[in-house]
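Residue numbers (my numbering), protein chains in the order written: chain A, 27 to 191; chain B, 14 to 415.
Yeah, the Cβ is synthetic: ideal placement off N, Cα and C, and Gly gets one too.
Here the structure is a predicted model, which is why all the values come from computation and not from measurement.
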Amino acid sequence: MIKKALVALSAFTLISTTLSGCAGGSVDGHDELHFSDGWVRVSEFSDHVDGMTGAFATIENHTDHDVTLVGGSAEIAKMVEVHEVVMMDGEMKMQAKDGGILIKAGESVTLEPGGLHVMLMGLKEAILEGDEVTLTLDFDGYDDQTFTWPAKASLSGDEKYEPKK
Amino acid sequence: MTNFTRRGFLAGASASAGALVGASAGALIAGQQVASAAEVAAQTAVLKRSEKFHGSHQNGIELELQTFTNFVSLEIHADTDRSAMQRWMKLLTDDIERLTAGEPILADAQPQLALGPARLTVTVGFGPSLFKKLGLEAQQPESLSELPAFKVDALREEFSGGDVLLHVSADDPIVLSHAVRSLISDSLAFASVRWTQQGFSNAQGVVPSGVRQRNLMGQVDGTDNPQFGTDDFKNLVWIDEGPEWIRGGTILVLRRIAMQLNTWDKLGRTDKEQVIGRRLDNGAPLGQKNETDPLDLNAVDERGLKVIPNFAHVRRASPTNPKERFFRRPFNYEVGTAADGTPDVGLLWTAYQKNPAEQYIPVQKRLDDFDLLSKWTSPIGSSVWGIAHGVKKGNVLADDLF
C-alpha cells in the first residue's frame with residue numbers, strides 16, 4: 027500500500043519538487059525505525075476478559091539493513107503475535123505470519139485492519155475506547171520497542187480469526 | 014526522494030488534483046498538461062492555511078471567521094462517567110491535533126477526505142447539564158448556568174441545550190464535513206448527538222479582514238466587536254477566575270435566530286435602516302459615514318427627530334455601562350425554502366464573554382422589553398457553554414475538569 031504511495035509521489039515529482047519534502051516531520055533521523063500512527067482496535071472482541079484485538083502502526087525502516095517484526099508482548103494480553111490476513115476457503119481469515127513481518131532497508135510497512143497486524147490475544151481486561159495500551163514489539167535486526175498507543179474503534183477489517191493447526 | 018508518510022502522499026494527491034484544474038495554463042509533460050508549482054500553490058492557498066491548536070486559549074474564538082461552521086451538541090450516555098470523559102477527551106485531543114494539521118485521524122475510515130488544514134478549528138465546551146450528571150457541581154462556574162426565559166423566545170428542543178459542544182469551522186465544506194464525521198465517530202462510545210447546526214459566512218477573499226459578514230437581512234453583522242489581541246478583548250472574553258479548567262476559557266451563548274425575510278423584504282431601505290439604526294450599504298450608524306464611527310444616540314435631524322430612533326436595535330443593544338459588551342462571531346444559516354417561497358434562514362448568533370449575567374443578559378433583557386427588529390426575528394434555539402482553556406502540547410483537553 028505504501029509502495030503505491032511512493033509511485034504516486036514519484037509521478038508527482040515530474041511536476042514539481044516543492045511539495046515533495048518529508049512532510050511528516052518524523053523522517054529526519056537515520057539508522058532508525060520510525061513508528062507512527064500506532065493504535066489498538068476496540069471492538070466487540072476486545073470489550074471483555076479473554077478477548078482479543080489488533081494493534082496497528084506504520085513502521086519505516088531508515089536503517090541500511092532489513093528488519094523483521096517477529097512478535098511482542100503486553101501486560102494486558104497473554105499472547106502477542108504477528109498476523110496476516112489471507113483468503114482461505116473464500117473468506118478473509120487471519121493467522122500467525124510465519125517468519126514475521128519483513129521491513130526491508132529503506133522501505134516501510136503499514137499494519138492495518140484487514141492486512142498485516144499485531145494480534146493481542148487472551149486479554150486480561152477489557153480494552154475501552156480512549157484507553158492507552160502499552161505493548162512491546164520484538165524485532166530481528168533491531169532493538170525491541172515499547173509503545174503506549176490509544177485504543178479506538180474502527181469500521182474497517184472484517185476478517186475472521188483462523189488459528190494455525 | 015524519501016517520503017514514506019501518508020501526509021506526503023496526500024500532499025501529492027491534492028497537488029495533482031490542482032494540476033488537473035490548472036491544466037490549460039501549464040506545461041505539457043508526458044502527454045498531459047500540468048500547472049506549474051506556483052500555479053498549484055495559488056490554486057490551493059485556501060486549503061493550505063492552518064490554525065494552531067495548542068495555546069492558552071482554545072482556537073476558533075479570537076479568530077477571523079472561517080467560511081463554514083458546524084455546532085455539534087452531544088448528550089452523554091447514562092454510563093459515561095468521569096473516567097470515560099477522560100478517555101473521550103484523549104481521543105478528541107489527538108483527533109483535533111491531526112485534523113487542524115490537515116491530516117487524517119488515527120484509524121480514519123476516510124483518510125482521503127483530509128485534504129488539508131483549510132483553517133480548521135475545533136472548540137470544545139460543556140453545558141450546565143453535564144455537571145450534575147457527572148456529580149461535578151463544584152466545578153461548575155457561577156457564570157455557567159441556563160439563561161432566563163425571554164418573552165421573544167420561541168425555543169425548540171432540537172436546537173437547544175446539550176452536555177458537550179464540538180464547534181468545528183473551516184474554510185472548506187468537505188474538510189469540515191470530514192472533521193465533524195471523524196469527531197462524532199470517536200464520540201459515539203460516550204455520547205449521542207443531540208443536534209447539529211450548520212452555518213456559513215462569506216467565502217475567503219470576499220470581504221476584508223475583521224470578524225464581520227453580511228447577514229441574510231443584508232446588514233453588516235459583527236460591527237463594534239472588541240479587537241483581537243487587545244486588553245479590551247481579554248477583559249471581556251477570557252475568564253481569569255473560578256475553577257481551573259475555565260481559566261483561560263470563556264462562556265459561549267449560542268442563539269439560533271430565525272429571520273422572517275418575506276415580511277422584512279416588504280420594508281424599503283429607509284425603514285430597514287431605521288429598524289437597525291445603521292446604513293445597509295456599509296454598516297455606518299445613521300448620521301455617520303463609516304462602519305466604525307461611534308454611535309451618536311443624541312443626534313437629532315433638522316426636524317428635531319432622533320437620527321437613531323428609540324426603537325432602533327443598536328440603541329436598545331447599546332451598552333449602558335462598559336461591562337455590557339461581549340464578542341460576537343456570527344454565522345448565517347439557510348436550511349431550505351418552503352413551497353410559498355419562505356426561506357428557512359437566520360443567524361447562528363454567538364456571544365463570548367466572561368459572565369453572561371453581567372454582559373449578555375442585561376442587553377438581551379433590554380431587547381426583550383422592546384426591539385422593533387424582533388418583529389422580523391425570533392430565537393428558536395438557545396444553549397450556553399463553558400469553553401475550557403486551551404491545550405498545551407502533550408496535555409489533554411479539560412484534563413483539570415474530569
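Supposed contact pair residue j and residue i - C-beta distance, whole angstroms, cut 8 Å
{"i": "residue 92 (chain A)", "j": "residue 130 (chain A)", "result": "5 Å"}
{"i": "residue 177 (chain B)", "j": "residue 204 (chain B)", "result": "6 Å"}
{"i": "residue 138 (chain A)", "j": "residue 121 (chain A)", "result": "Not really, about 16 Å apart at Cβ, beyond 8 Å."}
{"i": "residue 170 (chain A)", "j": "residue 94 (chain A)", "result": "Not confirmed; about 12 Å, so no contact."}
{"i": "residue 229 (chain B)", "j": "residue 304 (chain B)", "result": "Going by Cβ atoms, the distance from residue 229 (chain B) to residue 304 (chain B) rounds to 18 Å, so no, they are not a contact pair."}
{"i": "residue 391 (chain B)", "j": "residue 271 (chain B)", "result": "5 Å"}
{"i": "residue 123 (chain A)", "j": "residue 155 (chain A)", "result": "Not really, about 27 Å apart at Cβ, beyond 8 Å."}
{"i": "residue 152 (chain B)", "j": "residue 144 (chain B)", "result": "6 Å"}
{"i": "residue 365 (chain B)", "j": "residue 339 (chain B)", "result": "6 Å"}
{"i": "residue 99 (chain A)", "j": "residue 162 (chain A)", "result": "5 Å"}
{"i": "residue 206 (chain B)", "j": "residue 85 (chain B)", "result": "7 Å"}
Neighbourhood of residue i by C-beta distance below 7 Å, restricted to the same chain and skipping five residues each side
{"i": "residue 108 (chain B)", "result": "118, 195, 196 and 199"}
{"i": "residue 225 (chain B)", "result": "233, 234, 235 and 236"}
{"i": "residue 410 (chain B)", "result": "102, 105, 106, 137, 401 and 404"}
{"i": "residue 276 (chain B)", "result": "389"}
{"i": "residue 240 (chain B)", "result": "246"}
{"i": "residue 314 (chain B)", "result": "320"}
{"i": "residue 154 (chain B)", "result": "255, 256, 259 and 399"}
{"i": "residue 75 (chain A)", "result": "149, 150, 151 and 152"}
{"i": "residue 2 (chain B)", "result": "Lying outside 14 to 415, the shown extent of chain B, residue 2 (chain B) is not represented and no answer is given."}
Contacting residues, own chain, Cβ-Cβ under 6 Å from residue i (five flanking each side not counted)
{"i": "residue 63 (chain B)", "result": "130"}
{"i": "residue 19 (chain A)", "result": "Because chain A is modelled from 27 through 191, residue 19 (chain A) falls outside the range shown and cannot be assessed."}
{"i": "residue 97 (chain B)", "result": "203"}
{"i": "residue 357 (chain B)", "result": "348 and 349"}
{"i": "residue 158 (chain B)", "result": "141"}
{"i": "residue 355 (chain B)", "result": "275"}
Under the three-state DSSP convention, the category residue i falls into
{"i": "residue 227 (chain B)", "result": "strand"}
{"i": "residue 52 (chain B)", "result": "helix"}
{"i": "residue 309 (chain B)", "result": "coil"}
{"i": "residue 105 (chain B)", "result": "helix"}
{"i": "residue 345 (chain B)", "result": "strand"}
{"i": "residue 390 (chain B)", "result": "strand"}
{"i": "residue 379 (chain B)", "result": "helix"}
{"i": "residue 350 (chain B)", "result": "strand"}
{"i": "residue 269 (chain B)", "result": "strand"}
{"i": "residue 319 (chain B)", "result": "strand"}
{"i": "residue 153 (chain B)", "result": "coil"}
{"i": "residue 302 (chain B)", "result": "coil"}
{"i": "residue 288 (chain B)", "result": "helix"}
{"i": "residue 275 (chain B)", "result": "helix"}
{"i": "residue 99 (chain B)", "result": "helix"}
{"i": "residue 88 (chain B)", "result": "strand"}
{"i": "residue 402 (chain B)", "result": "coil"}
{"i": "residue 86 (chain A)", "result": "strand"}
{"i": "residue 330 (chain B)", "result": "helix"}
{"i": "residue 283 (chain B)", "result": "helix"}
{"i": "residue 369 (chain B)", "result": "coil"}
{"i": "residue 182 (chain B)", "result": "strand"}
{"i": "residue 196 (chain B)", "result": "helix"}
{"i": "residue 416 (chain B)", "result": "This structure does not reach residue 416 (chain B), given that chain B is present from 14 up to 415, and the question cannot be answered."}
{"i": "residue 70 (chain B)", "result": "coil"}
{"i": "residue 414 (chain B)", "result": "coil"}
{"i": "residue 158 (chain B)", "result": "coil"}
{"i": "residue 189 (chain B)", "result": "helix"}
{"i": "residue 374 (chain B)", "result": "helix"}
{"i": "residue 385 (chain B)", "result": "helix"}
{"i": "residue 172 (chain B)", "result": "helix"}
{"i": "residue 259 (chain B)", "result": "helix"}
Cβ shell of residue i (< 8 Å), same chain only, five flanking positions each side left out
{"i": "residue 331 (chain B)", "result": "308 and 310"}
{"i": "residue 326 (chain B)", "result": "288, 289, 290, 380, 384, 385 and 386"}
{"i": "residue 34 (chain A)", "result": "Per-residue confidence for residue 34 (chain A) stands at a pLDDT of 36, beneath the threshold of 50, marking its modelled position as unreliable; no derived number is given."}
{"i": "residue 73 (chain A)", "result": "152, 153 and 154"}
{"i": "residue 67 (chain A)", "result": "79, 80, 81, 82, 139, 177, 178, 179, 180 and 183"}
Chain D contact for residue i (CB, 8 Å cutoff)
{"i": "residue 179 (chain A)", "result": "In the structure shown, chain D does not exist; the protein chains are A and B."}
Check whether the stretch 133 to 145 of chain B touches the stretch 108 to 119 of chain B, taking contact to mean three or more Cβ pairs, one atom from each stretch, closer than 8 Å.
yes
To test your reading of the DSSP string, which unbroken beta strand (DSSP E) runs of 3 or more residues are found completely within the stretch 107 to 190 of chain A?
117 to 122, 127 to 129, 134 to 136, 143 to 149, 158 to 166 and 171 to 179
Is it a yes or a no for the stretch 251 to 268 of chain B touching the stretch 286 to 305 of chain B, going by three-plus beta-carbon pairs under 8 Å?
no
Every unbroken alpha helix (DSSP H) inside the stretch 199 to 251 of chain B [4 residues or more]:
244 to 250
Taking contact to mean 3 or more Cβ pairs, one atom from each stretch, closer than 8 Å, check whether the stretch 212 to 223 of chain B and the stretch 78 to 94 of chain B are in contact.
yes
Three-pair Cβ contact test at 8 Å for the stretch 377 to 394 of chain B versus the stretch 136 to 146 of chain B
no
Which runs of the alpha helix (DSSP H) spanning at least 4 residues fall entirely within the stretch 106 to 151 of chain B, listed in chain order?
141 to 146
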